[in-house]
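*Asks:*
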Amino acid sequence: MGRHLMKTADAGSLSATDAGSDVTLAGWIGRRRDHGGVIFVDLRDASGVVQVVLNPEEEPASEEVLHGLRLEYCVQVVGTVRPRPEGTVNPDLPTGMVEVSASSLIVLSESDVLPFPLDGRTDIDEAKRLEYRYLDMRRSRVAENLRARSMAIRAMRNVMDEQGFLEVETPTLIASTPEGARDMLVPSRLRQGHFYALPQSPQLFKQLLMIGGVERYYQVAKCYRDEDFRSDRQIEFTQLDFEGAFWGQEEVLQTIELVARRVVKDLRDVELNEPIVRMTHAEAMRNYGTDKPDIRFDMRIADLSEVFAATEFKAFSGVLGDSGSVMGINGGPLGLARSGLDGLVSQAQDVGAKGLVWMVVEEEGSIRSPVAKFLSEAELREIVSVLDASVGDTLLIVADRTKTVLEVLGHLRLVVGKPDSHDELAFAFVVDFPVFDVADDGSLSPAHHPFTAPADIDTLINTPETAISKAYDLVLNGTELGSGSVRIHNSDMQAKVFEVMGISSEDAEGRFGWFLEALRYGTPPHAGFAIGIDRMVSILRGEPNIREIIPFPKTQSGADPLTGSPSRVESLQLGELGILVSPDVVASWDSEPDQEAASES
RNA sequence: GGGGGCGUGGUGAAGUCUGGAGUUCACGCCGGCCUGUCAAGCCGGAGGUCGCGGGUUCAAAUCCCGUCGCUCCCGCCA
Numbered sequence: 006m007g008r009h010l011m012k013t014a015d016a017g018s019l020s021a022t023d024a025g026s027d028v029t030l031a032g033w034i035g036r037r038r039d040h041g042g043v044i045f046v047d048l049r050d051a052s053g054v055v056q057v058v059l060n061p062e063e064e065p066a067s068e069e070v071l072h073g074l075r076l077e078y079c080v081q082v083v084g085t086v087r088p089r090p091e092g093t094v095n096p097d098l099p100t101g102m103v104e105v106s107a108s109s110l111i112v113l114s115e116s117d118v119l120p121f122p123l124d125g126r127t128d129i130d131e132a133k134r135l136e137y138r139y140l141d142m143r144r145s146r147v148a149e150n151l152r153a154r155s156m157a158i159r160a161m162r163n164v165m166d167e168q169g170f171l172e173v174e175t176p177t178l179i180a181s182t183p184e185g186a187r188d189m190l191v192p193s194r195l196r197q198g199h200f201y202a203l204p205q206s207p208q209l210f211k212q213l214l215m216i217g218g219v220e221r222y223y224q225v226a227k228c229y230r231d232e233d234f235r236s237d238r239q240i241e242f243t244q245l246d247f248e249g250a251f252w253g254q255e256e257v258l259q260t261i262e263l264v265a266r267r268v269v270k271d272l273r274d275v276e277l278n279e280p281i282v283r284m285t286h287a288e289a290m291r292n293y294g295t296d297k298p299d300i301r302f303d304m305r306i307a308d309l310s311e312v313f314a315a316t317e318f319k320a321f322s323g324v325l326g327d328s329g330s331v332m333g334i335n336g337g338p339l340g341l342a343r344s345g346l347d348g349l350v351s352q353a354q355d356v357g358a359k360g361l362v363w364m365v366v367e368e369e370g371s372i373r374s375p376v377a378k379f380l381s382e383a384e385l386r387e388i389v390s391v392l393d394a395s396v397g398d399t400l401l402i403v404a405d406r407t408k409t410v411l412e413v414l415g416h417l418r419l420v421v422g423k424p425d426s427h428d429e430l431a432f433a434f435v436v437d438f439p440v441f442d443v444a445d446d447g448s449l450s451p452a453h454h455p456f457t458a459p460a461d462i463d464t465l466i467n468t469p470e471t472a473i474s475k476a477y478d479l480v481l482n483g484t485e486l487g488s489g490s491v492r493i494h495n496s497d498m499q500a501k502v503f504e505v506m507g508i509s510s511e512d513a514e515g516r517f518g519w520f521l522e523a524l525r526y527g528t529p530p531h532a533g534f535a536i537g538i539d540r541m542v543s544i545l546r547g548e549p550n551i552r553e554i555i556p557f558p559k560t561q562s563g564a565d566p567l568t569g570s571p572s573r574v575e576s577l578q579l580g581e582l583g584i585l586v587s588p589d590v591v592a593s594w595d596s597e598p599d600q601e602a603a604s605e606s
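Per this note's numbering, the very first residue in the first sequence carries number 6; after that it's consecutive.
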């Protein structure tokens, strides 16, 4: 290594075997311990931290420079790696066996006093962290998350490469495609009054790639959906998107398994030996009350309608007579006081239940419950039997329309059973999704985009409300990680599906005529998937939201506190686009106290 | 669009329920001392329009109304 190099070693990589070697380090002052004479500095770079010893008697720099060192100064240190003296080894530091004795120190760049500490011991307000994200990512939490994200994407690319996939970039300025969500729009200057949409997914392009003879495609794709934010939703996010020709569902699920195994291995150093559990959408709903079941814990929903077929209890008999259901879960030994049980009742009501019956199995086998006196001995025995209840267990029972019962119990199941960490991982495939969601009023709305192949076209046409599609989801710990489907590869079939979904043939021709035509040129059967990378990494990292995994995320209101986006633009710029901001909107600006654009103009 | 939580020196928190002097704690910052620490230590000091606006009151960080920001959730989002 020549002397001209700004650094010859990484701080975090030094170990006892480097003792005696001369190194040039460069990084930031993470901490300083100034004893008046000798000064210890924790020098941090991207690789980690090492202790640098500055002794003025050895003249690494002037007294003024040495005692003037402050947190996060960017410095270069030339010195010698040496074992730490007896009794001063730091077992908490990976490089704690050694230290670097400095022969010279140069301040490359001073730092202002920091807006918040970078020590990782305090939870800084997130808006502040995002405003100074470049400092925030010097902290180990974000730095490690960025590395994990990189590792995950590398693992995905490795699997894809090994499986013979071709990485293809698809455009991000496209025509609006129907994915269900609101499109992010970009105005066109060359065709005023026209707009590009940012892709919600590369859906139609990857299908075109299949038609184009690319048999296996993948992409680490930025996707955009202009909907409200959640802890696991941002308007822009990243997916591993892939598609295979001459493929059906089985090939897709097996590929997902390869990806999941590799990512979990690389990020958690855990081998997933068991095949990923598969269940149908109907099974998921019946057993867990949701299409994204958290199967780290069992606690299945049990149907108690049989038990109460002839009950005297009006709250139950009324519902059953109205073709509803009575179902329950065994919450296990919750040990809740009356107030806690009442809390569950109000939570059940919050999600739509008229009420919730709780029961606690008492020592001598009797049942404590507000409704116990309305139920027969036989019914109580049957409840205990069906729910496989033991002494101390809390049973939760809901009677209502079947859909409501499942929703409520699915919610309560999470409330009482969901683990509070992601130490354990439970993947699941949910397959055989219905084509339509049935609303309370019986109306149908498509559950998936219209390019999803139906399991059976006749069923779709004759009884659409019961039709199954060849669509499937990947779920991890109760979070939907991604979705995919077998696609329609036949133009006539595609036209029929458009029709059933309520898209008129004129409308379909106008918006997707080009795609319907493409399907007519020997389209191979194909299927694919997309995995949400931000979500997957956030769960594997045990982070509570995907912002921790995204380098520069936006706040819940869609703003970036660092750069000030979204911002107003000059009217000149709008003029070129043929755009005039509505007078109402302009008027509302006057009442806003704090606007970036206002001060820039 | 709706519901909940939060907003107090640079940072994090306590104080707010039950109104009574900008009070407290930790970190950071400034100055001094200090040659083996590693969240270094010791002594001293500075620093706040309690998010903003209005109201109630003799008196508001505290109660009320509004508003802004952040966040969690419902709707929305395959």
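Just so it is clear, CB atoms sit at the ideal spot from N, CA and C, and this is done for glycine as well. These figures come from a predicted structure and were not determined experimentally.
Rounded to whole angstroms, what's the CA-CA distance from Ile34 to Ser26? Just pull it up for me.
*Replies:* If you take the alpha carbons of Ile34 and Ser26, they lie about 22 Å apart.
*Asks:* Leaving out the 5 sequence neighbours to the left and right, which residues in its chain are closer than 8 Å to Met102 when beta-carbon positions are compared?
*Replies:* Cβ neighbours of Met102 beyond the five flanking positions: Ser20, Ala21, Pro88, Arg89 and Val94.
*Asks:* So, Leu392 versus Gly329, is the Cβ gap smaller than 8 Å?
*Replies:* No.
*Asks:* What residues in its chain sit with their C-beta under 6 Å from that of Pro120, if we drop five residues either side in the sequence?
*Replies:* Same-chain partners within the cutoff: Tyr137.
*Asks:* In whole angstroms, give me the CA-to-CA distance for Ile538 and Asp237.
*Replies:* Computed Cα separation, rounded: 11 Å.
*Asks:* What does the alpha-carbon distance come out to for the pair Gly42 and Arg154?
*Replies:* Each residue's Cα considered, the two are about 43 Å apart.
*Asks:* Among residues of its own chain, excluding the 5 on either side of Ile555, which ones have a beta-carbon nearer than 7 Å to its beta-carbon?
*Replies:* Correct list, in chain order: Gln239 and Asp539.
*Asks:* If I follow the unbroken alpha helix (DSSP H) through Asp615, where does it start and stop?
*Replies:* Nothing can be reported for residue 615, as the shown portion of the chain is limited to 6 through 606.
*Asks:* Is the CB-CB distance between Ile544 and Asn482 below 8 Å?
*Replies:* In contact: Ile544 and Asn482 (Cβ atoms closer than 8 Å).
*Asks:* Applying the criterion that 16 or more other CB atoms from any shown protein chain within 10 Å of the CB defines a buried residue, is Thr243 buried or exposed?
*Replies:* Thr243 is buried by the Cβ-count criterion.
*Asks:* Could you check where the beta strand (DSSP E) with Met284 kicks off and where it finishes?
*Replies:* Met284 -> beta strand (DSSP E) spans Val282 to Thr285.
*Asks:* DSSP state of Pro451, grouped into three classes?
*Replies:* Reduced to three states, the DSSP call for Pro451 is strand.
*Asks:* Quick check on this structure: which residue in Glu369, Glu279 and Val413 has the alpha carbon closest to the alpha carbon of Met290?
*Replies:* The candidate whose alpha carbon is nearest that of Met290 is Val413.
*Asks:* In the DSSP assignment, find the beta strand (DSSP E) that holds Thr468 and state where it starts and stops.
*Replies:* Thr468 -> no beta strand (DSSP E), and no H or E assigned at all.
*Asks:* Return yes when the Cβ of Leu135 is within less than 8 Å of the Cβ of Pro558, no when it is not.
*Replies:* Contact flag set, yes.
*Asks:* By alpha-carbon positions, which one of Ala157, Glu548 and Pro338 ends up nearest to Ala394?
*Replies:* Here the closest residue by C-alpha is Pro338.
*Asks:* According to DSSP, simplified to helix, strand and coil, what is Glu485?
*Replies:* Strand at Glu485.
*Asks:* Looking at Leu110 and Leu76, is the spacing between their C-beta atoms short of 8 Å?
*Replies:* Result no, Cβ atoms of Leu76 and Leu110 do not sit closer than 8 Å.
*Asks:* In terms of residues, what are the limits of the alpha helix (DSSP H) holding Val105?
*Replies:* First-last for Val105: Val103 to Ser114, but that is the beta strand (DSSP E), not the alpha helix (DSSP H).
*Asks:* Indicate whether Glu63 and Ser18 have their beta-carbon atoms separated by less than 8 Å.
*Replies:* Not a contact, by the Cβ cut-off of 8 Å.
*Asks:* Hey, Ala320 and Ala404 are a contact pair by Cβ (cut 8 Å); roughly how many whole angstroms apart?
*Replies:* That belief holds up - the Cβ atoms of Ala320 and Ala404 are roughly 6 Å apart, short of 8 Å.
*Asks:* Got a sec, what are the start and stop residues for the beta strand (DSSP E) Tyr223 sits in?
*Replies:* It spans Arg221 to Tyr229 - the beta strand (DSSP E) in which Tyr223 sits, taken as one unbroken run.
*Asks:* My parser needs the alpha helix (DSSP H) runs of 4 or more residues fully inside the segment 11 to 86; what are they?
*Replies:* Here the runs fully enclosed are 68 to 72.
*Asks:* Do Val55 and Val105 come within 8 Å of each other at the CB atom, strictly closer than that value?
*Replies:* Closer than 8 Å, so yes.
*Asks:* Could you give the first and the last residue of the continuous alpha helix (DSSP H) run that contains Asp497?
*Replies:* Note, Asp497: alpha helix (DSSP H), Ser496 to Val505.
*Asks:* Helix, strand or coil: how does DSSP classify Thr182 here?
*Replies:* Thr182 falls in the coil class under three-state DSSP.
*Asks:* Evaluate Gly336 with the Cβ neighbour count: other Cβ atoms within 10 Å of its Cβ, from every protein chain shown; 16 or more gives buried, anything less gives exposed.
*Replies:* It counts as buried.
*Asks:* Can you have a look at Ala433 and say buried or exposed, based on whether 16 or more other CB atoms are within 10 angstroms of its CB?
*Replies:* Answer is buried; the Cβ neighbour count reaches 16.
*Asks:* By the 10 Å Cβ neighbour count, where 16 or more other Cβ atoms means buried, how is Asp589 classified, buried or exposed?
*Replies:* By the 10 Å Cβ count, Asp589 comes out exposed.
*Asks:* Contact defined as beta carbons within less than 8 Å: I believe Phe251 pairs with Tyr223. What is the distance between those atoms, to the nearest angstrom?
*Replies:* With a Cβ gap of about 16 Å, Phe251 and Tyr223 do not count as contacting.
*Asks:* Note down the Cα distance separating Gly185 from Leu385, rounded to an integer number of angstroms.
*Replies:* Roughly 46 Å separates the two Cα atoms.
*Asks:* Quick check on Phe247: does DSSP put it in helix, strand or coil?
*Replies:* Residue state, collapsed to three classes: strand.
*Asks:* Does DSSP put Leu401 in a helix, in a strand, or in coil?
*Replies:* Strand at Leu401.
*Asks:* Would you say Val473 and Pro451 are within 8 Å of each other, going by their C-beta atoms?
*Replies:* Before going on, a small fix: residue 473 reads as Ile here, not Val. Not a contact, by the Cβ cut-off of 8 Å.
*Asks:* Identify the continuous beta strand (DSSP E) that holds Met332 and give its terminal residues.
*Replies:* Where Met332 is concerned, the enclosing beta strand (DSSP E) stretches over Ser330 to Asn335.
*Asks:* Give the DSSP-derived three-state secondary structure of Ala394 in the structure shown.
*Replies:* Of the three classes helix, strand and coil, the one that applies to Ala394 here is coil, per DSSP.
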